[in-house]
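Below is one structure, written out as structure tokens; comments come after it.
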């Protein structure tokens with residue numbers, strides 16, 4: 154696993170408003186590795202777009218560093234951007250050209266050293282074949298000669314994604330990739346991105362408001378609010394009920410003699426336990442088999458014991474409401 | 022890769038209705054002007070009454086005494102004008118025509134006749150708006166005269182064409198959002214800026230050369246080639262002896278430079294302001310501002326006057342009051358380099374909103 158993106162202490166402000174300094178991005182640090190899909194979530198105005206724009210060089214940070222495949226974007230932007238593909242906000246391409254012409258033009262701007270060794274004719278043929286291939290992947294090969302101005306939003310989105318992945322970048326950055334797509338299209342894109350991560354070892358940073366989609370697609374997610382990263386979790390931990398503090402789990406236990414069981418577990422684990430009807434809820438580092446065994450050995454009847462799975466939506470709402478309270 | 026960038030920029034400008042429409046308008050104006058100028062010669066040919074002189078002068082002849090007298094009169098005139106200028110002060114420049122320069126031009130003319138003993142030879146010299154006298158031969162418009170006149174007209178028309186393309190080069194990309202896709206490519210913004218500037222230069226140059234070729238073809242097809250034995254060009258601040266074919270060469274480059282300078286001003290403004298309309302309007306407004314500033318005496322420090330190179334090569338009747346070629350060059354470089362630097366900074370340093 155290679156680190157394809159590392160962001161360190163990014164900071165950017167948008168000046169003063171009513172005497173207050175507007176911090177768009179406040180000391181943000183994170184990384185993306187090859188082969189993983191990282192979700193970048195946050196409410197509107199949280200700093201997602203600004204962070205993404207700084208990563209791809211559309212905005213300048215006031216301080217902080219950005220490394221793409223180890224290249225400092227400030228020192229050698231051209232070398233760093235060779236590893237990046239992306240769709241930022243809307244996939245705005247040249248409306249008066251066809252999808253084919255757009256991709257041929259954009260591909261001509263990133264010719265590899267190996268391709269430069271080929272003759273002009275060979276280069277053109279290779280480029281043409283690659284463009285037709287990628288248009289097939291996104292399902293637009295039958296409409297590739299139509300002008301982009303005649304495309305639907307979903308079709309434009311597909312062309313945008315096609316131009317982002319056609320050079321097989323090490324880092325793929327997508328802002329609302331499913332925008333305008335129907336459910337079948339959304340699934341296609343999700344599967345395609347997962348394939349890109351798995352087969353091509355791309356590191357993918359995706360920003361979206363569609364939490365359900367992100368939960369299906371992402372290995373890890375970051376939540377940003379008011380310019381700060383407020384939560385960073387693995388999706389698998391979320392599903393396994395693992396909390397952030399010291400890898401503790403949230404577990405629900407249904408057992409007989411509930412009050413006695415509660416006292417027993419509190420003494421055993423040294424924690425406070427909450428009681429909800431016939432269920433005890435506890436947060437502990439101990440795993441489920443251990444707790445189950447202790448209860449059985451203590452002659453309690455265990456009717457059910459499971460990790461409290463939470464959804465990305467739960468985590469997002471919890472994180473952002475805490476952020477609001479902190480103000 | 023830069024080639025691909027440049028070719029892409031050229032492709033973005035082609036295939037548009039604008040070129041077709043502009044081409045038709047250009048052909049129409051070209052045809053009308055050629056017809057009008059050719060009509061002058063047709064009318065002269067129709068003039069068959071020997072007792073009634075043709076409408077244009079054949080030229081003046083001078084004796085040695087005439088020339089000595091004119092030199093004395095002109096020197097005295099200059100002395101008087103200098104005294105008047107000292108008394109009047111700065112408001113002397115509140116006139117489009119600096120009389121001292123006109124008088125000095127006349128003095129050079131008479132001294133040249135004296136130095137080269139050009140006595141008894143018909144010489145064509147006009148004061149006022151047209152004192153170059155180089156276009157006319159027996160009253161007719163010659164091919165050279167037609168070409169030089171038309172170069173001035175086509176450079177003005179093509180300047181508008183170039184400004185419209187140039188002002189939209191970057192601003193359209195910003196407006197339509199395609200600039201994001203370009204900035205995401207592994208190319209530097211400077212390379213992108215250079216490729217766009219080069220494509221604007223190429224398109225405008227191609228249009229100008231086509232216009233020049235058309236002018237030469239029609240000029241030598243429709244107009245006589247004979248010219249006067251001696252051709253003088255007395256600009257208000259400079260003197261140059263020109264042959265007519267050499268003057269075509271000078272006119273070609275001077276008008277081209279003036280045209281491209283305005284086109285690039287449109288490019289700079291459209292890029293800095295990220296707005297095509299301002300990129301078109303500002304170069305047009307500059308001429309008006311320049312005229313106004315001339316009346317205040319500050320015209321020589323403004324860009325429109327500085328890039329009026331034709332005033333130094335006899336293609337324009339007067340030099341702006343208080344100006345000279347070195348001042349104009351300095352002012353020109355100051356504005357153009359300044360705008361180029363601002364454009365570079367705007368493209369490289371500003372965030373994409």
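Chains as they are written, first to last, in my numbering: chain A, 154 to 480; chain B, 22 to 374. C-beta atoms are modelled at their ideal positions from N, C-alpha and C, and glycine is treated no differently. These figures come from a predicted structure and were not determined experimentally.
Original post:
For residue 204 (chain B), which residues in chain A fall below 8 angstroms Cβ to Cβ?
Top reply: Along the second chain, read from residue 1 onward, the residue named residue 204 (chain B) stands at position 183. In chain order, 209, 210 and 211 make up the part of chain A whose C-beta sits under 8 angstroms from the C-beta of residue 204 (chain B).
**OP:** Note down the Cα distance separating residue 302 (chain A) from residue 248 (chain A), rounded to an integer number of angstroms.
**Re:** As a first step, residue 302 (chain A) is located in the first chain; it is residue number 149 there, counting from the start. As a first step, residue 248 (chain A) is located in the first chain; it is residue number 95 there, counting from the start. Their Cα atoms are separated by approximately 5 angstroms.
Original post:
For residue 126 (chain B), which of B:199, B:95 and B:369 has the nearest alpha-carbon?
Top reply: Counting from one through the second chain, the residue named residue 126 (chain B) turns up at place 105. Of the listed residues, the one whose Cα sits closest to residue 126 (chain B) is B:95.
**OP:** If I'm right that residue 194 (chain A) touches residue 375 (chain A) with Cβ under 8 angstroms, what's the distance once you round it to whole angstroms?
**Re:** Position 41 of the first chain holds residue 194 (chain A). Position 222 of the first chain holds residue 375 (chain A). Rounded, the Cβ-Cβ distance is 7 angstroms, consistent with contact.
**OP:** Output yes or no for whether 9 angstroms exceeds the beta carbon distance between residue 190 (chain A) and residue 370 (chain A).
**Re:** Stepping through the first chain from its first residue, residue 190 (chain A) is reached at position 37. Stepping through the first chain from its first residue, residue 370 (chain A) is reached at position 217. In this structure, residue 370 (chain A) lies closer than 9 angstroms to residue 190 (chain A) by Cβ.
Original post:
Can you tell me the Cα-Cα spacing of residue 158 (chain A) and residue 373 (chain A), whole angstroms?
Top reply: As a working note, residue 158 (chain A) is residue 5 in the first chain. As a working note, residue 373 (chain A) is residue 220 in the first chain. Roughly 14 angstroms separates the two Cα atoms.
Original post:
From the beta carbon of residue 316 (chain A), is the nearest beta carbon of chain B less than 9 angstroms away?
Top reply: One-based indexing of the first chain puts residue 316 (chain A) at position 163. Chain B, which has a Cβ nearer than 9 angstroms to the Cβ of residue 316 (chain A), makes this yes.
Original post:
Among residues of its own chain, excluding the 5 on either side of residue 174 (chain B), which ones have a beta-carbon nearer than 7 angstroms to its beta-carbon?
Top reply: Looking up residue 174 (chain B) in the second chain gives position 153. So the list reads 54, once near-sequence residues are dropped.
Original post:
Between residue 460 (chain A) and residue 282 (chain A), what straight-line distance do the alpha-carbon atoms span, to the nearest angstrom?
Top reply: Walking along the first chain from the start, residue 460 (chain A) turns up at place 307. Walking along the first chain from the start, residue 282 (chain A) turns up at place 129. Cα to Cα, residue 460 (chain A) sits roughly 50 angstroms from residue 282 (chain A).
**OP:** Just grab the DSSP bridge partners of residue 429 (chain A) for me.
**Re:** Locating residue 429 (chain A) in the first chain gives position 276, where the first residue counts as 1. BP columns for residue 429 (chain A) point to A:432.
**OP:** Residues of the segment 182 to 208 of chain B with a CB closer than 7 angstroms to any CB of chain A: list them in chain order, please.
**Re:** 197, 198, 199, 201, 202, 204, 205, 206, 207 and 208
Original post:
How long is the line joining the alpha carbons of residue 39 (chain B) and residue 32 (chain B), rounded to whole angstroms?
Top reply: Within the second chain, the letter at position 18 stands for residue 39 (chain B). Within the second chain, the letter at position 11 stands for residue 32 (chain B). Rounded to the nearest angstrom, the two C-alpha atoms are 14 angstroms apart.
Subject >> Within 8 angstroms of chain B by C-beta, residues of the segment 250 to 275 of chain A in sequence order >> reply: 258, 259, 261, 262, 263 and 264
Original post:
What runs of the alpha helix (DSSP H), each 4 residues or longer, lie entirely inside the segment 290 to 378 of chain A?
Top reply: The qualifying runs are 306 to 318, 336 to 352 and 364 to 370.
Original post:
What three-state label does DSSP hand residue 212 (chain A) in the structure shown?
Top reply: The residue given as residue 212 (chain A) occupies position 59 in the first chain. Residue state, collapsed to three classes: coil.
Original post:
What does residue 407 (chain A) pair with, by DSSP beta-bridge criteria?
Top reply: Reading the first chain from its first residue, position 254 is the one you call residue 407 (chain A). Residue pairing for residue 407 (chain A): DSSP places it in a beta bridge opposite A:432 and A:457.
Subject >> residue 359 (chain B) to residue 345 (chain A) span [Cα, whole Å] >> reply: As a working note, residue 359 (chain B) is residue 338 in the second chain. As a working note, residue 345 (chain A) is residue 192 in the first chain. Straight-line Cα distance between these residues: approximately 49 angstroms.
**OP:** Pull up the distance between the alpha-carbon of residue 257 (chain A) and that of residue 321 (chain B), whole angstroms please.
**Re:** As a first step, residue 257 (chain A) must be located in the first chain, where it is residue number 104. As a first step, residue 321 (chain B) must be located in the second chain, where it is residue number 300. Those two C-alpha atoms are separated by around 49 angstroms.
Subject >> Contact set for residue 353 (chain B): own chain, Cβ-Cβ below 6 angstroms, skip 5 residues either direction >> reply: Residue 353 (chain B) sits at position 332 when you count from the first residue of the second chain. Cβ neighbours of residue 353 (chain B) beyond the five flanking positions: 327 and 328.
Original post:
In this structure, does DSSP put residue 364 (chain B) in helix, strand or coil?
Top reply: Working through the second chain from its first residue, we reach residue 364 (chain B) at position 343. It is helical.
**OP:** Report yes if the CB atom of residue 365 (chain A) is closer than 9 angstroms to the CB atom of residue 357 (chain A), and no otherwise.
**Re:** Here the question's residue 365 (chain A) lines up with position 212 in the first chain. Here the question's residue 357 (chain A) lines up with position 204 in the first chain. Not closer than 9 angstroms, so no.
Original post:
Bridge partners of residue 218 (chain A), per DSSP?
Top reply: Within the first chain, residue 218 (chain A) is the residue found at index 65, counting from 1. Answer by DSSP bridge pairing, in chain order: A:161.
Original post:
Hey, is the segment 84 to 95 of chain B in contact with the segment 170 to 189 of chain B, meaning 3+ C-beta pairs nearer than 8 angstroms?
Top reply: no
Original post:
Going along the chain, which residues of its own chain have a beta-carbon closer than 8 angstroms to the beta-carbon of residue 128 (chain B), five neighbours each way excluded?
Top reply: As a working mapping, residue 128 (chain B) is identified with position 107 in the second chain. The answer, listed in chain order, is 92, 95, 96 and 99.
**OP:** Would you kindly report the start and end of the unbroken beta strand (DSSP E) that includes residue 181 (chain B)?
**Re:** For the purposes of this step, residue 181 (chain B) is taken as the residue at position 160 of the second chain. Counting along the chain, residue 181 (chain B) falls outside any beta strand (DSSP E), though it belongs to the alpha helix (DSSP H) covering 164 to 197.
Original post:
Which residues of chain B have a Cβ atom closer than 8 angstroms to the Cβ of residue 231 (chain A), listed in chain order?
Top reply: By 1-based counting over the first chain, the position of residue 231 (chain A) is 78. 207, 208 and 209, listed in chain order.
Original post:
If we count Cβ pairs, one from each stretch, closer than 8 angstroms, do we get three or more for the segment 166 to 180 of chain A versus the segment 221 to 232 of chain A?
Top reply: Contact fails: fewer than three Cβ-Cβ distances are below 8 angstroms.
Subject >> Selection from A:339, A:259, A:411 and A:368 that minimises the alpha carbon distance to residue 466 (chain A) >> reply: Stepping through the first chain from its first residue, residue 466 (chain A) is reached at position 313. Of the candidates A:339, A:259, A:411 and A:368, the one whose C-alpha sits nearest the C-alpha of residue 466 (chain A) is A:368.
**OP:** Enumerate in chain order the residues of its own chain whose CB-to-CB distance from residue 381 (chain A) is below 6 angstroms, with the five nearest sequence positions on each side excluded.
**Re:** For this step, residue 381 (chain A) is matched to residue 228 along the first chain. 179, listed in sequence order.
Original post:
Among A:414, A:427 and A:420, which residue has its Cα nearest to the Cα of residue 452 (chain A)?
Top reply: Position 299 of the first chain, counting from 1, holds the residue named residue 452 (chain A). With distances taken between Cα atoms, residue 452 (chain A) lies closest to A:414.
**OP:** Let me know the secondary structure DSSP gives residue 107 (chain B) once reduced to three states.
**Re:** Reading the second chain from its first residue, position 86 is the one you call residue 107 (chain B). In this structure, residue 107 (chain B) counts as helix in the three-state DSSP scheme.
Subject >> Reduced DSSP category for residue 177 (chain A) - H, G, I as helix; E, B as strand; rest coil >> reply: Residue 177 (chain A) sits at position 24 when you count from the first residue of the first chain. Residue 177 (chain A) carries a strand assignment under DSSP once its states are collapsed to helix, strand and coil.
**OP:** Could you check which residue in A:219, A:362 and A:177 has the C-alpha nearest to that of residue 165 (chain A)?
**Re:** Taking the first chain and counting its residues from 1, the one referred to as residue 165 (chain A) is at position 12. Here the closest residue by C-alpha is A:177.
**OP:** With DSSP collapsed to three states, give me the class of residue 387 (chain A).
**Re:** Here residue 387 (chain A) refers to the residue found at position 234 when the first chain is read from its first residue. If DSSP states are grouped into helix, strand and coil, residue 387 (chain A) belongs with the strands.
Original post:
Between residue 329 (chain B) and chain A, is there a C-beta pair that is closer than 9 angstroms?
Top reply: Taking the first residue of the second chain as 1, we reach residue 329 (chain B) at position 308. No - not a single Cβ of chain A is within 9 angstroms of the one on residue 329 (chain B).
Original post:
For residue 366 (chain B), is the classification buried or exposed, using 16 other Cβ atoms within 10 angstroms of its Cβ as the cut-off for buried?
Top reply: As a first step, residue 366 (chain B) is located in the second chain; it is residue number 345 there, counting from the start. Exposed: under 16 other Cβ atoms inside 10 Å.
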